[in-house]
Structures are given as structure tokens and as C-alpha cells.
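What follows is one structure encoded as C-alpha cells, with my remarks underneath.
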Amino acid sequence: MSLLQQLTEDMKSALKSGQKERLSTIRLLRGQLKDAEIAKREPLDQQEEIAVLTRAAKKRRESIQAYQDAGRQDLADREQRELEIVQNYLPQPLSQEEIEKIVDEAITAAGALSVKDLGKVMPLIMARVKGRADGKRINELVRSKLT
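Below you can see the structure in the form of C-alpha cells.
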């Protein structure tokens with residue numbers, strides 16, 4: 024079952040059970056997937072669907088931070104609840120140990136010696152962790168290991 028089909032089924036169940044926030048978030052995700060599909064002019068594959076949801080999750084994380092900085096905890100809480108719904112459809116995130124192992128392997132494979140080699144290491148890592156780890160966290164980890 025594709026992610027779009029799963030969202031459609033979950034949308035129906037949220038509608039029947041009266042979960043308004045879940046329903047609106049799922050509708051938004053379906054719309055984003057459909058927009059990406061229209062832009063591509065053919066159905067999305069699983070990796071592309073995950074990429075769309077990863078962007079949606081990233082936007083919510085950024086919104087949470089912005090709302091907290093502005094002192095709007097009520098809006099930050101709403102975004103947090105939406106983020107949790109989005110994360111239900113993303114692959115299981117990698118543990119810190121798994122991320123560190125992948126980072127170490129990529130640094131070795133790229134022959135990276137300093138922060139100047141960050142551009143060589145990051146593509147290797149991101150290809151392996153697609154949608155399963157936050158790029159900002161990975162970047163920070165790579166920088167700390169290369170300094």
C-alpha cells in the first residue's frame with residue numbers, strides 16, 4: 024500500500040472518529056503528496072513520498088522553534104502535535120549509535136581529515152539516512168568529528 028493510500032484510509036478513520044486535528048494534518052499531507060505528483064507528472068515512488076513528508080516534518084520543527092522564540096507556546100504545541108502525526112508516516116528514526124556508525128563509515132570512505140571535507144562526507148551520509156535522521160543533527164555531528 025502506498026503512502027497516499029495509507030493516508031486516505033487514515034483520513035477516513037479520523038473523519039469517522041471526529042479527530043479534527045489529525046484529519047486536517049492528514050489532508051494537508053495528502054495535498055502535498057498530490058502537488059508533488061502533479062509537478063512530477065507521474066506517480067511518486069516510495070523515496071519521493073518520504074522526501075515530501077520529511078520536508079513537512081522539517082517545516083514543523085522550524086515552526087516550533089520560531090513560535091517558542093516568539094513566546095507563542097500555544098502555537099508551538101499545535102505544531103508539535105502535527106509533527107507527531109507526520110512522524111507516524113515516516114520510517115523509524117535511526118538511533119544515535121546507528122547515526123554515529125554511518126558518520127564514521129562515511130568519513131573513512133571519503134578520506135575526510137578536516138571540516139573542509141564536509142562537502143564530501145555529507146552526501147554519502149544523507150544518501151544512507153534518507154528521512155530517518157535530521158540533517159542538521161548529522162551536520163553538527165560530522166563537524167564535531169572533523170575538528
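The opening residue of the sequence shown carries number 24 in the numbering used here; numbering runs sequentially from there. A virtual CB, placed ideally from N, CA and C, is assigned to each residue, including glycine. This structure is a prediction, so every number in the text was calculated from the model and none was measured.
key: Of the listed residues E102, D68, K124, Y112, nearest to E44 (C-alpha basis)   = Locating residue 44 in the sequence shown gives position 21, counting from the first residue. Here the closest residue by C-alpha is E102.
key: Other residues of its chain near L38: CB distance less than 8 Å, five sequence neighbours each side excluded   = What you label residue 38 is simply residue 15 of the sequence shown in a count that begins at 1. Contacts found: L46.
key: CA-to-CA distance, L56 to S25, given in whole angstroms   = Here residue 25 corresponds to residue number 2 of the sequence shown, with the count starting at 1. Here residue 56 corresponds to residue number 33 of the sequence shown, with the count starting at 1. Per the coordinates, the alpha-carbon of S25 lies some 11 Å from the alpha-carbon of L56.
inquiry  = What does the alpha-carbon distance come out to for the pair T31 and G41?
reply    = Translated into positions along the sequence shown, residue 31 becomes position 8. Translated into positions along the sequence shown, residue 41 becomes position 18. Taking the straight line from one Cα to the other gives about 15 Å.
task = Leaving out five residues on either side along the sequence, give the residues of the same chain with a beta carbon under 6 Å from the beta carbon of T48.
result = Position 25 of the sequence shown, counting from 1, holds the residue named residue 48. Exclusion of the five residues before and after T48 leaves E105, I108 as the residues of its chain whose Cβ lies within less than 6 Å of its Cβ.
Residue ranges of each beta strand (DSSP E) within the segment 35-85, 3 or longer = Listed in chain order, there is nothing to give.
key: Beta-carbon proximity of S137 to L169, cut-off 7 Å   = By one-based count along the sequence shown, residue 137 stands at place 114. By one-based count along the sequence shown, residue 169 stands at place 146. It is a contact, given that the beta carbons lie within the stated cut-off.
key: Beta-carbon proximity of K143 to A135, cut-off 7 Å   = As a first step, residue 143 is located in the sequence shown; it is residue number 120 there, counting from the start. As a first step, residue 135 is located in the sequence shown; it is residue number 112 there, counting from the start. For K143 and A135, yes; Cβs fall inside 7 Å.
task = With S167 as the anchor, note down where its alpha helix (DSSP H) starts and where it stops.
result = Here residue 167 is taken as the residue at index 144 of the sequence shown, counted from 1. Per DSSP, S167 belongs to the alpha helix (DSSP H) from 158-169.
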